[in-house]
Amino acid sequence: SQQGEEDPQALSIQEGENATMNCSYKTSINNLQWYRQNSGRGLVHLILIRSNEREKHSGRLRVTLDTSKKSSSLLITASRAADTASYFCATAQGGSEKLVFGKGTKLTVNP
Amino acid sequence: DAGITQSPRHKVTETGTPVTLRCHQTENHRYMYWYRQDPGHGLRLIHYSYGVKDTDKGEVSDGYSVSRSKTEDFLLTLESATSSQTSVYFCAISGAGQYNEQFFGPGTRLTVL
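For the record, the sequence lines run as chains A and B. Numbers 1 to 111, taken from our numbering, label the letters of the first sequence in order. Numbers 1001 to 1113, taken from our numbering, label the letters of the second sequence in order.
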């Protein structure tokens, strides 16, 4: 069963705008990761945030984690057409060597 | 890209035939994973390995078996393919399991007729 659920399922914005995607999960986690998948390609790791962290930045990416609400958000600032992709959150639970992926948010950035 | 390849990249087969997909890595990573990706389901774990000859089941392991006889190769076998196994299969590797990022291969598109 899916641990993470992304919201929205699809998002369409104009170049230059910010894009925000959310992920909710059900059980306690050790860390949460975000991945990007371009059409027809494998997933690419973007960022990892640990359960004791609240916010993390990487370039134009900002990730927040609220363990009390069991939710995370991924913000992409000043989006570009090249950001068009599907974005997945994945959670790592205690005692497990596995990640559980959500179903993804499909982001379209229009030039 | 991390040194991870999958073969074949595309395969069409008939129901009831055996199929083996290969994942090969050059990173010497301990953990290897097989996922399938289907519309509406996202990415689901089939099997994973935490070392040579050490494997465990994932969420959707029925109808699949795996083997890992050396660090660099992780094989996924469909003993008797069914149409429900039509999917895109991804292999991933990780140096430290959940505590580290996973690197994904390019995927294998399998069609079972």
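Cβ atoms here follow ideal geometry from the backbone N, Cα and C, with glycine treated the same way.
Practice task
Identify the continuous beta strand (DSSP E) that holds Glu-113 (chain A) and give its terminal residues.
Solution key: There is no way to answer for residue 113 (chain A), as the model of chain A reaches only from 1 to 111.
Exercise for the section: Kindly list the residues whose CB is nearer than 6 angstroms to the CB of Thr-91 (chain A), restricted to its own chain and excluding five residues on each side of it in sequence; keep chain order. Expected result: Taking the first residue of the first sequence as position 1, residue 91 (chain A) is located at position 91. Taken in chain order, the residues that qualify are Gln-3, Gly-4, Tyr-25, Ile-29, Leu-32, Val-100.
Problem - Touching by the beta-carbon criterion (3+ pairs, under 8 angstroms), the stretch 1015 to 1027 of chain B and the stretch 103 to 110 of chain A - result: Contact check between the stretch 1015 to 1027 of chain B and the stretch 103 to 110 of chain A: fewer than three CB pairs, one atom from each, fall below 8 angstroms, which does not count as touching.
Practice task
State the DSSP-derived secondary structure class of Val-63 (chain A), mapped to helix, strand or coil.
Solution key: Counted from its first residue, the first sequence places residue 63 (chain A) at position 63. Val-63 (chain A) carries a strand assignment under DSSP once its states are collapsed to helix, strand and coil.
Handout entry: Residues that Glu-55 (chain A) bridges to, as DSSP identifies them
Key = The residue given as residue 55 (chain A) occupies position 55 in the first sequence. Beta-bridge annotation (DSSP): Glu-55 (chain A) is paired with A:Thr-64.
Handout entry: C-alpha gap between Ala-85 (chain A) and Arg-36 (chain A), whole angstroms
Key = Indexing the first sequence from 1 puts residue 85 (chain A) at position 85. Indexing the first sequence from 1 puts residue 36 (chain A) at position 36. Answer to the nearest angstrom: the Cα atoms are 6 angstroms apart.
Problem - Residue closest to Arg-80 (chain A), alpha-carbon to alpha-carbon, out of A:Glu-6, A:Glu-15, A:Leu-11 - result: Sequence index remark: in the first sequence, residue 80 (chain A) carries index 80 (1-based). The candidate whose alpha carbon is nearest that of Arg-80 (chain A) is A:Glu-15.
Practice task
Say whether chain B places a C-beta atom closer than 8 angstroms to the C-beta of Asn-18 (chain A).
Solution key: To locate residue 18 (chain A), count along the first sequence from 1; it is residue 18. So no, Asn-18 (chain A) is outside the interface.
Exercise for the section: Measure from the alpha carbon of Thr-1020 (chain B) to the alpha carbon of each residue in B:Gly-1003, B:Leu-1076, B:Glu-1014, B:His-1041, then state which is nearest. Expected result: As a first step, residue 1020 (chain B) must be located in the second sequence, where it is residue number 20. Among B:Gly-1003, B:Leu-1076, B:Glu-1014, B:His-1041, the Cα nearest to that of Thr-1020 (chain B) belongs to B:Leu-1076.
Handout entry: Residue range of the unbroken beta strand (DSSP E) whose run includes Ile-49 (chain A)
Key = Taking the first sequence and counting its residues from 1, the one referred to as residue 49 (chain A) is at position 49. Unbroken beta strand (DSSP E) run through Ile-49 (chain A): 43 to 50.
Handout entry: Best match in B:Asp-1073, B:Gly-1016, B:Arg-1109, B:Asn-1100 for proximity to Gly-1003 (chain B) [C-alpha to C-alpha]
Key = Locating residue 1003 (chain B) in the second sequence gives position 3, counting from the first residue. Minimum Cα-Cα distance from Gly-1003 (chain B) among the listed residues B:Asp-1073, B:Gly-1016, B:Arg-1109, B:Asn-1100 corresponds to B:Asp-1073.
Practice task
With a 10 Å radius around its C-beta and 16 neighbouring C-beta atoms as the bar for buried, classify Glu-6 (chain A) as buried or exposed.
Solution key: Counting from 1 along the first sequence, the entry for residue 6 (chain A) is found at position 6. Burial of Glu-6 (chain A) is indicated by the presence of at least 16 other C-beta atoms within 10 angstroms of its C-beta.
Exercise for the section: Could you tell me if Asp-66 (chain A) is buried or exposed, where buried requires 16 or more neighbouring beta carbons within 10 angstroms of its beta carbon? Expected result: The residue you call residue 66 (chain A) lines up with position 66 of the first sequence. Residue environment for Asp-66 (chain A): exposed (fewer than 16 other C-beta atoms within 10 angstroms of its C-beta).
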